[in-house]
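Counting in my numbering, the final residue of the sequence shown is number 1026, and the numbers go up one at a time with none missing.
All C-beta atoms in this analysis are idealised placements derived from N, C-alpha and C, irrespective of residue type, glycine included.
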Amino acid sequence: MDQLSGYIENIVFSSEENGFTVARLKQPREKDLTTITGTMPGINPGETIHCRGKWKHHPKHGRQFEVESYELTAPVDVLGIQKYLESGMVKGIGPIYAKRIVEFFGVETLKIIDKFPYRLLEVPGIGEKRVQQIETCWDEQKSIRRVMIFLQSHKVSPSFARKIFKTYGEDSIEKVTENPYALARDIFGIGFKTADQLAQNMGIEKDASIRIQAGVEYVLWELSNDGHVCYPIELFLKDAEAILEVAPEKIRQEIDTLDEAKRIVKGEANKEPSIWIRPLFMAELGIARELKRIHDGECSIRSVLIDKAVEWAEEKLRMRFAKEQKIAIEKSLSEKLHVVTGGPGTGKSTITRAILSITSKLTDKITLAAPTGRAAKRLSEITYKKAFTIHSLLEVNFQEGGFKRNKDNPLKCRLLIIDEASMIDTQLMYHLLKAIPDETRVIFIGDIDQLPSVGPGTVLKDLIESERISVTRLKHIFRQGRGSRIVQSAHRINAGYFPELSYDAESDFNFLEIENPEEILTRTVSLIKKEIPQKFGFDPINEIQVLSPMKRGLIGIDNFNHILQKELNPQSMQLLRMGRIFQPQDKVMQIRNNYDKHVYNGDVGRIQEMDLEEQKLTVDFDGKTVSYDFSELDELMLAYAVSIHKYQGSECPCVIIPVHVSHFKLLFRNLLYTGLTRGKKLVLLLGTKKALAIAINTDNAQKRYTGLRELLSEAIQGQESEKSETILINP
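Written out as structure tokens, the structure is:
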């Protein structure tokens, strides 16, 4: 086995998930840098590394050293110490202060910081506040060093080690030793596989009960990430067996144990024996019970003579409603719970305005809400009334978790209109319904043919298919929609037909047939940088959005982001974190809900400032500035290109969608349909007719298993008419 030693010049790439790292090494008496690759969690610029492995030739990058094992030592020379401090290991020391401190103290720098931190005041430009910050961080580093050494000996990355220490503190080693699988439950970013590897390194057997139970819960949560609320037991056993590599009988035994411990639920859904993770079962059961409560409650809004009210609304809005629009308005004014569903151009906005016009004459306690910030903003624009995100409406409870608005502290509204309701997942719907008073009328508006929620469940679909709640389906496309090829194309695709593909330079929808993925990539960049801004005046970053079906590959999300970042936002200042490069003015997306910061999964913003000394950056989300420590950047991803699912509920003036057979696994009709409906003024598809045909003909989008439909059918046994005072609205 070959050996190699030197100090780490810089980190080219590092995966927080598996520790795979590509770094550049400076060897003594060697002029050129050497590329080393391998699983090396925890290495930092400036450290000396002693590697064992073998030389390999990469077809693109040339000669590289593949590391099989390694040892690290603290830097001992001035250059190594400076590189080490520049790496961000010590908060308060970035590139500028690292250079000043090392120039002042030389090879004694680390000793000074450790033993005599007050002497840092001798360095020009460093004050007491920064010294205190450096000392605190250094002491914290010393405190977690024992934890870091223990965890790194089990191949846990430093960033995860810091998260573990932040969660468990001085008890970290004891907690991890007692139950390493708790990490997957307690710490964001650490999944079962990481915890399982740690557990096996610690000697926990594959058939240990603690492992199988953790694996069962892990598989259920992973299935929930795919949208399932429950899962047929027989299918579940196959998935669990493949991951755990133990006999199905042992898995069944631990399922029974977990059921008895009330950590999971066994039952029946869709006439099949099924299994739920308990929080999702309680959410589904809660939705059914809360909907029954609201359905049976006495409406506090006085009824109207509906025909007269509709005529009055027509006069006020200066339009004539179509038959199905009138039905939707009438049902929304008479039913306690009502669903309005329809595609683009079918008049959902008109119906919303009509309902508001009429109901505002009866009560001022009207609330509008939508799942995302952008959807709420759009709802405000079409109604001229403030709309809330569901999270802001429910008021996040930072002290205790959950929401402040609940059964004991309900919302103060008599009418609640919820737009983009297809995006609401099972748990959020449960929290929302709990906060709705008995007397409130609730109207759900959405497009049932779009992609379901990012989170688990198909709540709106289940509400409709339960046949226990009043529904109006809108199918007629109105004149404004008929003039748009975006709307026409979306409806044709949704019906299983090809859209009109003939090129029209003045149209708002076009298909550019390109076979080669490299050409799709090149043309997309050209369209965004030059062609579209010159012809339509759209801003390349803020007003053009690439929506790609897949993450990997030449025309996948990751590569699009890499290329578009360089082409649209070239910057000299770069920050490598979590295997990603961040720069000032980058377009980024929040990828998990952060209630402390009031930012949520799918929010899009622009990086404003990056402070390498303080190790913070700020992001502007539609006028709201949010600060992130560098350690929190796993919550952000570049957003020049995003998935269609992530962009659901948002709209952009121009949308570009690559449609290629390399994405065949995710080419579904509702995916393409949803992507098209994200574009407000221009939609371009780039790819092949074959890929387009695959998407249009694939209507069996991935099935989601839920139990809500049956629970609703049992809870609400029929519909009852409202009994309340009837009045006339005077124009």
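In terms of Cα proximity to GLN298, the closest of SER364, ASN339, ASN305 is SER364.
Relative to GLU715, the option among ASP733, ILE738, GLU826, ARG709 whose CA is nearest is ILE738. About 6 angstroms separates the CB atoms of GLN880 and ILE902; that is less than 8 angstroms, so the two are in contact. Beta bridge pairing from DSSP links SER569 with PRO527, GLY562. Just measuring C-alpha positions, the residue of THR972, CYS594, LYS998 sitting nearest GLY637 is THR972. The DSSP-derived three-state label of ALA665 is strand. Bounds of the alpha helix (DSSP H) holding GLY510 are 504-520. DSSP places PHE483 in no alpha helix (DSSP H); its state is neither H nor E.
Classified as buried, VAL883 has 16 or more neighbouring CB atoms from the shown chains inside 10 Å of its CB. With a contact defined as Cβ atoms closer than 8 angstroms, VAL560 and ILE538 miss out at about 21 angstroms. The three-state reading of DSSP puts HIS686 in helix, counting H, G and I together. Contact check between the region 662-678 and the region 989-1004: fewer than three CB pairs, one atom from each, fall below 8 angstroms, which does not count as touching. Here the alpha carbon of TYR379 sits roughly 41 angstroms from the alpha carbon of ILE507.
Secondary structure of PHE698 (DSSP, three-state): strand.
Under the rule that a run must span 4 or more residues, the alpha helix (DSSP H) segments found entirely inside the region 584-653 read 601-612, 618-629. Going by DSSP, GLN860 is part of the alpha helix (DSSP H) stretching over 852-863.
Residue state for SER748 is assigned as coil, using DSSP reduced to three classes. In this chain, the beta strand (DSSP E) harbouring ASN305 covers 297-309. Residues of the same chain with a CB within less than 7 angstroms of the CB of LEU1006, apart from the 5 flanking positions on each side, are GLU579, LEU580, ALA583 in chain order. Here the alpha carbons of LEU628 and ALA604 stand approximately 9 angstroms from one another. For ALA318, the enclosing beta strand (DSSP E) has its first and last residue at 315-321.
Judged by pairs of C-beta atoms under 8 angstroms, the region 946-963 does not touch the region 473-491, as fewer than three such pairs exist.
Between the C-alpha atoms of GLU469 and GLY498 there is a straight-line separation of about 15 angstroms. DSSP lists PHE360 as the bridge partner or partners of TRP350. Excluding residues up to 5 positions away in sequence, LEU981 lie with their Cβ nearer than 6 angstroms to the Cβ of LEU807 in the same chain. A residue is called buried once 16 or more other Cβ atoms fall within 10 Å of its Cβ, and HIS353, having fewer, is exposed. Shown here, ALA542 sits in coil according to DSSP, grouped into three states, outside any helix or strand.
Rounded to whole angstroms, the separation of the alpha carbons of THR431 and LYS976 is 53 angstroms.
Annotation for VAL737: the continuous beta strand (DSSP E) segment containing it runs 736-741. Under the DSSP definition of a beta bridge, PRO953 partners with LEU981. Residue environment: LEU374 is assigned as exposed (fewer than 16 neighbouring CB atoms within 10 Å of its CB, all protein chains considered).
Listed as beta-bridge partners of GLN722 by DSSP are no residues whatsoever. Collapsing the DSSP output to three states places GLN377 in a helix.
C-alpha of ILE550 to C-alpha of ASP915: approximately 46 angstroms in a straight line. Nearest to SER765 by alpha-carbon distance, out of VAL511, VAL635, ASN692, is VAL635. Shown here for LEU931: same chain residues with a beta carbon closer than 6 angstroms to its own, the five before and five after excluded, namely VAL883 in chain order.
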